[in-house]
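Novice: Could you have a look at this structure, given as structure tokens, before my questions?
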Amino acid sequence: MRSVLGFLAVLLALVSAGQALSCIQCVSFGNRSCDGLSVSCRLDNVCGASYTVTTSGFSVVSRIYMRVCVPKNQCNLQGSVSVINVMSRFGGSCCNTDNCTPDLPTLPAVNTTFNGLVCRTCVSADSDWCYTKDTVQCTGNENMCLLQTTSITGEVSMNTALRGCTTKSLCDLSQHTAEYAGQKLDVRFICTGGTAGLYSGLTLSLVAILLTNII
Ligand SMILES: *[C@@H]1O[C@H](CO)[C@@H](O)[C@H](O)[C@H]1NC(C)=O
Ligand SMILES: *[C@@H]1O[C@H](CO)[C@@H](O)[C@H](O)[C@H]1NC(C)=O
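Residues -20 to -1, 1 to 195 (mature numbering (1 follows the signal peptide of the UniProt record, and there is no 0)) are what the sequence shown spells out, left to right.
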């Protein structure tokens, strides 16, 4: 019996291993296409593309197009983040055959109407924590306050943190990990729906302790 189960387990492993996709991995700063090497994805992943446009007022700060292996549940992700006076809008798309090229992702429409929510805002380029008294008024469907921590490890290591307004889509992700050219990326999205005033000292220190333990 045990050997039959063992055989079945091996068979299942082989069958699923056969379904792992190969996808192109590349990044382009400026163009909405890129070329790169084909890599073998994890079993639950498909070939994804993401496009992120960051604007400050009416001027574009950056346009980043990426192709990577992504978990299926992160296909078609769309949303935005607003920090101080900078807004990043992003869209994703996927396809699921070897080295396929996903459709060009579409970005959410810009909506500059204030929605009443006020969030703390800050940016730290060299730590996984930031907190200031500054606030930002949220617009459109950015209905959540976000604390995003990013940790990159590998040849180059760095931690960044930011606070601002975001769409529920990003909060629902809660965590995003990726590996690219030997670098490991770990992004955490911690959200609250409240106004800036809702952050009590206690909540903050609890979050601080939590973060220290996680990272
Ligand atoms: C964008 O693509 C064009 C044509 O394919 C190329 O000439 C240009 O260098 C690319 N720009 C960037 C920023 O990759
Ligand atoms: C823009 O955002 C406001 C505030 O959330 C909302 O009431 C309005 O319906 C949005 N407009 C569009 C066109 O989505």
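Each residue gets a CB set at the ideal place from its N, CA and C atoms; glycine is no exception.
Taking 5 Å as the limit, tell me which residues put their C-beta closer than that to any heavy atom of ligand 2, in chain order.
Specialist: 91, 93, 95 and 120
Novice: Residue 52 by DSSP, collapsed to three states: which one?
Specialist: The answer is helix: DSSP assigns residue 52 an H, G or I state.
Novice: Pick helix, strand or coil for residue 185, following the three-state DSSP scheme.
Specialist: Any reading at residue 185 must be qualified, since the residue scores a pLDDT of 42, below 50, and its modelled position is unreliable; the value itself is stated next. DSSP places residue 185 in helix when its eight states are reduced to three.
Novice: Confirm, please, whether the CB-CB distance from residue 72 to residue 91 is below 9 Å.
Specialist: no
Novice: Can you tell me which residues form a DSSP beta bridge with residue 72?
Specialist: According to DSSP, residue 72 bridges with 30.
Novice: Using beta-carbon positions only, say whether residue 16 and residue 55 come within less than 9 Å of one another.
Specialist: In this structure, residue 55 does not lie closer than 9 Å to residue 16 by Cβ.
Novice: Report the CB separation of residue 62 from residue 116 in whole angstroms; it is logged as a contact under 8 Å.
Specialist: 6 Å
Novice: Tell me whether residue 70 is buried or exposed, calling it buried when 16 or more other Cβ atoms sit within 10 Å of its Cβ.
Specialist: buried
Novice: When you compare only the Cα positions, how much space is there between residue 95 and residue 137?
Specialist: Residue 137 has its alpha-carbon roughly 37 Å from the corresponding atom of residue 95.
Novice: What does DSSP give as the partner residue(s) for residue 45 in the beta ladder?
Specialist: 8 and 31
Novice: Quick check: the Cα distance between residue 131 and residue 58, rounded to an integer number of angstroms?
Specialist: The alpha-carbon separation between residue 131 and residue 58 amounts to approximately 22 Å.
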